[in-house]
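Note that UniProt numbering numbers the sequence shown so that position 164 is 164, with each residue one more than the last.
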Amino acid sequence: MTSIRFIHTADLHLDSPFKGMTELPKERLKELRDSTFNAFDRLISYALKEQPDFIVIAGDVYDGEDRSLRAQQRFHDGMEKLNKAGIPVFLCHGNHDHLGGRWVRFDLPPNVRTFGNEVTEQHLQIRGQDVFLIGFSYPERHVTTSMIDTYPIAERNDAIHIGLLHGSIAGDSTHAVYAPFTKEQLVGKQYDYWALGHIHKRQFIHRDPYIVYPGNLQSRHRNERGIKGFYDVTLEKGSTDLSFIPASSIVFDEIHVSCQDIHHANELLLTCSQEIEKFRSLNGAGVCDLVLTEVSTEVSEMLNTSTIDEWLRLIRETEEEQEPFVWVSSIEVDERVIAMQEVNAVTHSVINLMNDWSMGEWKEVVSDVYQHTKGIRYLEPLNEQDLEDIKRKASSILMKEMAGME
């Protein structure tokens, strides 16, 4: 049986505005706003070098329905390079770049096959192997009804079937639900691979067949932590091999700094610089939150002699000439260790109870904020990382408050 090789990517979000990052120096902000283009360029360079049989893009090439000229030009130029190399591209549009938007259109080269607003099937033959790709593009921003029933069941056992779907698992309230589906529905179509988009965290929903979210190509804010990229897939009947290929131009993440055995300010600053340098050597440029851990009473008192903003300013000044840049967006002090030495059994019980709460119970606790009619427009949907941050900060506040009451 002939094997085929393709790239699976999604959620490029070209020309993302990176809202809320205005504290960055002007030249660093430009680097950040160019990062989606740089990640896209890495994808194109990899494809030109590796020469896959084709590429699938499962939605959200652009960041908004009013696609910028700059984003369209860069995408067009990338597709033209692939066209000259003879690499086909199969593209569906998602909720961010739906077909109903208003924009000055660029005519894409003939190697790009774009799915329309209804589920259709496109055929490709690779070294005698028939390949069918099935998908659709969003006709408008909000496609909240299930589309999976309109996907045909694979009929030819000798052909490879690949489904493209920009959507989310039904009932998953951690993200905005679009074109919902269940794992069982996808498996039931008897396809050989499902190329998903919309969820920015890379993950396997199922194996045999593989149902895959590659995540986005470049993080856009602190909740999208870690290295981002795409999958290089080799597929034949009954066998699938995937390789994750990093593409992030700038990595969003946390840097944990242990304050154990630290007694003086210069020791703390040096330790922070060393941890930032470790991050830089592993990941390149980044936007990171510093989390100070194992904080003793002595270090806590030292930190309190100045404001956190002053410490943050000093660390930023220390790092401003380093390349590639690592921007420290915040400093968080995890004072649970020192606080736990001072609180009583009742506080321990409350903290243990909070640690046992499910995601649903935490959502109920913070529902007053996230269901407020005026505030909700400024908040991203809650995810697991948000709730971990809330849990950590709640525990720290509780322990400090209770310690102060002793």
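Even glycine gets a Cβ: it sits at the ideal position worked out from N, Cα and C. Since we're looking at a predicted model, the values are computed, not measured.
With fewer than three CB-CB distances shorter than 8 Å, the stretch 312–324 does not count as touching the stretch 353–360. Cβ-Cβ distances below 6 Å link V177 to S168 in the same chain, with the five nearest sequence neighbours on each side left out; the list follows chain order.
In the DSSP assignment, V299 falls within the alpha helix (DSSP H) that extends over T297 to L303. Annotated three-state conformation of A285 is coil, per DSSP. In the three-state scheme derived from DSSP, where H, G and I count as helix and E and B as strand, Y46 is classed as helix.
Around the beta-carbon of T36, 16 or more other beta-carbon atoms lie within 10 Å, marking it buried. In the DSSP assignment, H76 falls within the unbroken alpha helix (DSSP H) covering L69 to K84. If the five residues before and after R220 are omitted, its C-beta is found closer than 7 Å to the C-beta atoms of H13, S16 and F18, all from its own chain and listed in chain order. Nearest to P109 by alpha-carbon distance, out of Q73, I134 and D253, is Q73. Looking at H198, S306, D192 and S248, the one whose alpha-carbon comes closest to that of R156 is D192. E236 and D130 have their C-alpha atoms some 11 Å from each other. For I315, the uninterrupted alpha helix (DSSP H) segment begins and ends at I308 to E319. Rounded to the nearest angstrom, the Cβ distance from L82 to F115 is 17 Å, too far for a contact under 8 Å.
Of the residues assessed, D66 falls on the exposed side of the cut-off, its CB having fewer than 16 other CB atoms within 10 angstroms.
Under the three-state reduction of DSSP, F132 is assigned to strand.
By the C-beta criterion, the stretch 240–249 is judged not to be in contact with the stretch 263–278, since fewer than 3 inter-stretch pairs fall below 8 Å.
In the structure shown, C92 adopts extended strand secondary structure according to DSSP, grouped into three states.
DSSP, read as helix, strand or coil, puts Q125 in strand. By the beta-carbon neighbour count (other beta carbons within 10 angstroms, threshold 16), F204 is exposed.
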